[in-house]
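Peer 1: Here the protein sequences come in this chain order: C and L.
My numbering applies: residue 1125 is where the first sequence begins, and numbers increase by one.
My numbering applies: residue 6 is where the second sequence begins, and numbers increase by one.
Idealized CB from N, CA, C, for every residue including glycine.
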Amino acid sequence: MTLGASGAGVLRGAWPAWLGLVDRTASPWLLLPMDDGQSDHLKAYGVTFRVLQRGGRAEWFLNHRGGSFLVPGDQATIRDAALAGVSSEPVSEGLLIDLRAQLKQGNTDAVPLEKPPKVAVYAPPNASPWDDAVTMVLNYAGIEFDKVWDAEVGSQGLKKYDWLHLHHEDFTGQYSKFFLNYSGAPWLAEMVKQNQRVAKALGYPNVPAEKKAVANEIRAFVERGGFLFAMCTATETLDLALAATGVDIAAAYADGTPIDPEAARKLDWSHALAFRDAQLELSPNVPAFSDIDGHQVNSLDRRQPLGAFKLFNFSATIDPVPTMLVQNHRDVIPDFYGLTTSFNKRTLKSSVTILADEPGAPWAKYIHGELGQGTWTFYGGHDPEDPQHQIGDPPTDLSLHPHSPGYRLILNNVLFPAAKKRELKT
Amino acid sequence: MMSSTRWRVPFPVPRSLLPLLTVLVPALLSAQDPLSRAFDLERRGSFAQAAEIYRGVLQKEPGEVTALLGLERSLTPINRLPELLPVVRAAIVANPSAAPVYSIGLRAYAAANLLDSLPHLVDLWARAAPGDESPFREWAASALQRRDRPMARRAYQMGRERLGKPDALAAELAQLATAEEDWPAAAHEWVGAVRQLQGYRSSATTALAMAPAAARPVILASLAMEGGPDAARIGVDLRARWGDPVGAFETLLGILPKPLPQQLDVLQAFLELTRLQSSPTYLLAQARTLEALADRWTNPPQRARFRLDAARAYATAGQPDPARRVLGQIAADPASGPAVAAGATTTLIELLVGDGKADEAAGQLEKYRSTVAVDDYLRLRRAVALRWAQSGAVARAEQMLQSDSTIEALAVRGRIRLYAGDLKGASDCWREAGPFAGTREEATDRSIWLALLQPIQPDTLVSFGLALQLLDRGDTLKAAQSFERIAAGLPPTGGGADLHLLAGRLQAAAGQVAEAERLFRTAVVKEMPGTAAAALLELGRLQLATERRAEATRTLEEMILDYPTSALVPQARRLLDQSRNAVPRI
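What follows is the structure, given as structure tokens:
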């Protein structure tokens, strides 16, 4: 039975009306389907996350009904699902045995989810909550997170977190090269002032130097076993900053000295997470960082049109991590721009796992890899439901996109660190 | 294009000659002049081959502008523009007076990133074409293509100095300042541009109108400092766009040009601005502009038409006195045609009905019956009848509608029955009238009342009719109190809960938060799940509107959990998301 189905809500004895929606006596478990039968895919992740927060256990049924979740059928969960408008189906012990038998056949598996990850979002203190797809979807799903920025990262503040998200930060310290199009804009002046203030307070000569140090702290976080998820321009510039240790890749307006003309040759890609042998954009007048991005949205002569990207299919038992990351009710998703929209396959290290790409195009959209004890995932683009995102656009209202397959990929990343460690085979 | 027409055979070709033609045509093509051949190759996308032919032509004639342009076109798509540089240098030597040569040169040097060479090239061009703004405009354009705004500004300012004209390149500098949100500079330059060419006014207003609210006073002050009619006109247009059309109109009257035709042009342009919105302020400005046009117009029928439109705009803006004054002018003007007179009569009667002067309206309607269209006559009769019923003269109202057999009349009759407290009669009339009588809003309104009447057991409730009369006369608070009294006398499941909800909504609309909350809570009756869910939703909305998020959250959660099958649950979830900042509050 699905919440909101006709006939539901009938008062049954002394139970509250919302408990009348499921047969309490026969349903110790609830299945949150994640196929087209789900009424709010994004909030289903929040319901599952809160089960873990309450100390409960859940399971992720990979490749079963769009990557469904099995959660306890207790009052708190039923109430939470009802409030969130998340469809749930009662599962008896008998039905669960049948389900498990089904999961043993075909490319499916059940992954136990045990501990809710402690989530941190890297964002300046005055960032608008609507300016970052991850913040938006975490808020919408009701998943708790802390905001951290350079001071916290610099003082080893990342140690208490399991999961870190980066969005459109420019780790080359060039303010996303916004100087070209937005010079004089008050918000840019404020951004510059704030970054310079923090760099000075942390004892760095300039913003690019400070951002490189932050990038290295983030790398160390992953190496220690952290889960890193990055979107938009944070993906490309994090790796550029890591590869540019000791090399000046920032324009004169950012650090007072021009870019080293030999910078591209001097980059050490062994420090980078995902990319190699990329060509650095040496001109401060071109609003792009390198040829890592396949779409080059702000370069009129290089800009590529948007297509659609396709999620890869992995073996649920052999590759549970990539499988978790691509759980979705759609496998072809419309593309969306960001300052970095996609990743040229030519610039990817051979160890990188491509999770999604545009068939026939030379770029990947969604990639994953490991470093030390941890993992990282990069997802190109800014906002999955605002394909042409421009500065100043109205915020995306996710209650109008509760089934967004693009946003689901973000939430897959939030939940997969909760998976029991022994299951992480790759 | 040129070659395809040149080689079209203007007569039917015998089949026997086709083999011969296949041999001859390529030969003829090769005999074609080189520029046409290169152009053909360009069209086919063979840019490298085309470039070679253009280069060959330029070796013989270095100053040949067509070939130079062709070479630029061909080299651009294959990213070989820097190859143009030696050719351009030769062209300048050979043809130093040709402006296109310099223009191509600027683009080629910029593409090759030889930015230091640009000022020299611009200097050469400026010497070859004294007084021409193009060298500086092209230089700035190449800088803007690289998003180098400081260099573009330098180019424009150098042009201004070299040309010795303080307003030179004003439109370009204005656009630059607008892009940089330097609003005082933008205002100054736009005024200069408009002084040079009046056609820039619309661009100036559109560009400056985009300024954020905080920058608007700065722009208006800058325009005031500029002085002169052009700056004043821009200021007037901006004020009209920024929500002060009446103030803008008053300023406009003071700066109208002397010649009458120009006055009319200016007023008509302003009239269009007042039509951008339909709020009472804009309608008032519209009415005053129409009146001003009528006062200046010499053609009597058009003058009367302007006055009629002005009267209607005044009436819609809620300004009955000036509307009546203008209608009086129409009546006094013997040149007003019959159509205008009929329109004036209709507007006047609408005004009288709006003022509650139903008797006078009825008298006027009968007096001018022959001049008013039949449909308008019937519509006005229904309006008069409704007004009578609102003031308690139900029998008179019903009598007036006796001869009207339209479904609109049936719908009005239902409302009149309700004013009389005849709940069953009202329901019967409305069901008979169906959903298509009157406007969509009227039909929706009838559906809401029908749903409200449904659970009420008595067929007649005079107090209900009196409460509705109060409501329709605009006395919301008294109406709310009356409906609450009626609700108290009815069982909760027999209309009591619904009327408490209605009374709560009226109190909320009147800003009586505490009263509204009390009534919404009273309307939450478990046995009436539809009403209870709606009351909780209204309560949650009210709590959220008064920034009591925690209370709103509790109320909305109660609503969703207690009434999960209510059609209002999605609305409650959305409000809940807003209350915890999970979605933007727009």
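With DSSP as the reference, identify every bridge partner of Tyr1503/C, one or two as the case may be.
Peer 2: Paired residue(s): Met1355/C and Tyr1490/C.
Peer 1: Taking DSSP as the reference, what is the three-state secondary structure of Pro1214/C?
Peer 2: Three-state result, Pro1214/C: strand.
Peer 1: Quick check on DSSP: helix, strand or coil for Ala214/L?
Peer 2: Note: Ala214/L maps to helix in three-state DSSP.
Peer 1: Are the beta-carbon atoms of Phe1438/C and Pro1429/C separated by less than 8 Å?
Peer 2: In this structure, Pro1429/C does not lie closer than 8 Å to Phe1438/C by Cβ.
Peer 1: Per DSSP, Gly1498/C is paired with what?
Peer 2: Note: Gly1498/C sits in a beta bridge opposite Leu1495/C.
Peer 1: I want to verify the contact list: residues of chain C whose CB lies under 7 Å from the CB of Asp121/L, in sequence order.
Peer 2: Result: empty, since nearest Cβ-Cβ is about 15 Å, beyond 7 Å.
Peer 1: For a test of the three-state rule: what should DSSP assign to Val93/L, helix, strand or coil?
Peer 2: Reduced to three states, the DSSP call for Val93/L is helix.
Peer 1: Taking Cβ positions, are Glu1360/C and Phe1413/C nearer each other than 8 Å?
Peer 2: Yes, the pair counts as a contact, with Cβ atoms nearer than the cut-off.
Peer 1: Would you say Asn1250/C lies against chain L (beta-carbon separation less than 8 Å)?
Peer 2: No, Asn1250/C does not count as interfacial toward chain L.
Peer 1: Strictly below 7 Å CB to CB, what residues from chain C border Ile565/L?
Peer 2: Those are Ala1206 and Leu1207, listed as they occur along chain C.
Peer 1: Would Trp1273/C be called buried (16 or more neighbouring beta carbons within 10 Å of its own) or exposed?
Peer 2: It is buried - the Cβ of Trp1273/C has at least 16 other Cβ atoms within 10 Å.
Peer 1: If we call anything under 8 Å between Cβ atoms a contact, is Val93/L one with Ala113/L?
Peer 2: Against a cut-off of 8 Å, the Cβ pair of Ala113/L and Val93/L comes out as a contact.
Peer 1: Within 10 angstroms of its Cβ, does Phe16/L collect 16 or more other Cβ (buried), or is it exposed?
Peer 2: Any reading at Phe16/L is ruled out, since the residue's pLDDT is 45, under 50, leaving its predicted position unreliable.
Peer 1: Let me confirm a value: Ala96/L is counted as buried when at least 16 other C-beta atoms fall within 10 Å, else exposed. Which label applies?
Peer 2: With 16 or more Cβ atoms within 10 Å of its Cβ, Ala96/L is classed as buried.
Peer 1: Would a check of beta-carbon distances place Asn586/L closer than 8 Å to chain C?
Peer 2: Yes, its Cβ sits closer than 8 Å to a Cβ of chain C.
Peer 1: How would you write the range of the alpha helix (DSSP H) that Lys1228/C sits in, first residue to last?
Peer 2: Here Lys1228/C belongs to no alpha helix (DSSP H), and DSSP marks it neither H nor E.
Peer 1: Please report the straight-line C-alpha distance between Val399/L and Arg422/L, rounded to a whole angstrom.
Peer 2: So the two alpha carbons sit approximately 8 Å from each other.
Peer 1: Report the partner residues of Pro1236/C according to the DSSP bridge assignment.
Peer 2: Answer is Glu1183/C, bridged to Pro1236/C.
Peer 1: Using a Cβ-Cβ distance cut-off of 8 Å, determine whether Gly1266/C contacts chain L.
Peer 2: Interface residue, yes.
Peer 1: By Cβ distance below 7 Å, which residues in the same chain neighbour Leu25/L in space, the five residues on each side in sequence not counted?
Peer 2: For Leu25/L, the predicted structure reports a pLDDT of 48, less than 50, and the residue's modelled location is therefore unreliable. The matter cannot be settled from this model.
Peer 1: Along the alpha helix (DSSP H) that carries Trp454/L, what are the first and last residues, could you check?
Peer 2: Residues Arg445 to Leu458.
Peer 1: Give the secondary structure of Asp427/L by DSSP, where H, G and I count as helix, E and B as strand, and everything else as coil.
Peer 2: Reduced to three states, the DSSP call for Asp427/L is strand.
Peer 1: Under the rule that 16 or more other beta-carbon atoms within 10 Å means buried, what is Asp1256/C, buried or exposed?
Peer 2: Classification of Asp1256/C: buried, given that the 10 Å Cβ count is 16 or more.
Peer 1: Consult DSSP for Thr465/L and reduce its assignment to one of helix, strand or coil.
Peer 2: Three-state result, Thr465/L: strand.
Peer 1: Taking all protein chains shown into account, do 16 or more other C-beta atoms lie within 10 angstroms of the C-beta of Asp121/L, making it buried, or fewer, making it exposed?
Peer 2: Exposed is the call here.
Peer 1: When you compare only the Cα positions, how much space is there between Ser8/L and Ala55/L?
Peer 2: Annotation note: pLDDT 36 at Ser8/L (below 50); position unreliable, coordinate value reported separately. Cα to Cα, the separation comes out at about 15 Å.
Peer 1: Throw me the rounded Cβ distance for the Phe1467/C and Ile1491/C pair, which I believe falls under 8 Å.
Peer 2: Indeed they touch by this definition, with Cβ atoms about 6 Å apart.
Peer 1: From the beta carbon of Ser1423/C, is the nearest beta carbon of chain L less than 8 Å away?
Peer 2: Not closer than 8 Å to any Cβ of chain L, the Cβ of Ser1423/C fails to qualify, so no.
Peer 1: Check the Cβ-Cβ distances between Ser1523/C and every residue of chain D, and say whether any is below 8 Å.
Peer 2: Given the protein chain composition of this structure (C and L), no chain D is represented.
Peer 1: Would DSSP call Leu228/L helix, strand or coil?
Peer 2: Residue state, collapsed to three classes: helix.
Peer 1: Inspect the beta-carbon positions of Pro327/L and Ala290/L and report whether they are closer than 8 Å.
Peer 2: Contact flag unset, no.
Peer 1: Let me see if you follow: with CB-CB separation under 8 Å, is Asp326/L close to chain C or not?
Peer 2: No, its Cβ sits nowhere closer than 8 Å to a Cβ of chain C.
Peer 1: Mind listing the chain L neighbours of Pro1508/C? Cutoff is C-beta to C-beta under 7 Å, in chain order.
Peer 2: What Pro1508/C touches in chain L: nothing, since even the nearest Cβ is about 16 Å away.
Peer 1: With DSSP collapsed to three states, give me the class of Asp360/L.
Peer 2: Residue state, collapsed to three classes: coil.
Peer 1: State the Cα-Cα distance for the pair Phe525/L and Arg553/L, rounded to the nearest angstrom.
Peer 2: Taking the straight line from one Cα to the other gives about 16 Å.
Peer 1: Considering Cα atoms alone, identify which of Lys65/L, Gln462/L, Ala214/L and Ala148/L is closest to Ala99/L.
Peer 2: It is Lys65/L whose Cα lies nearest to the Cα of Ala99/L.
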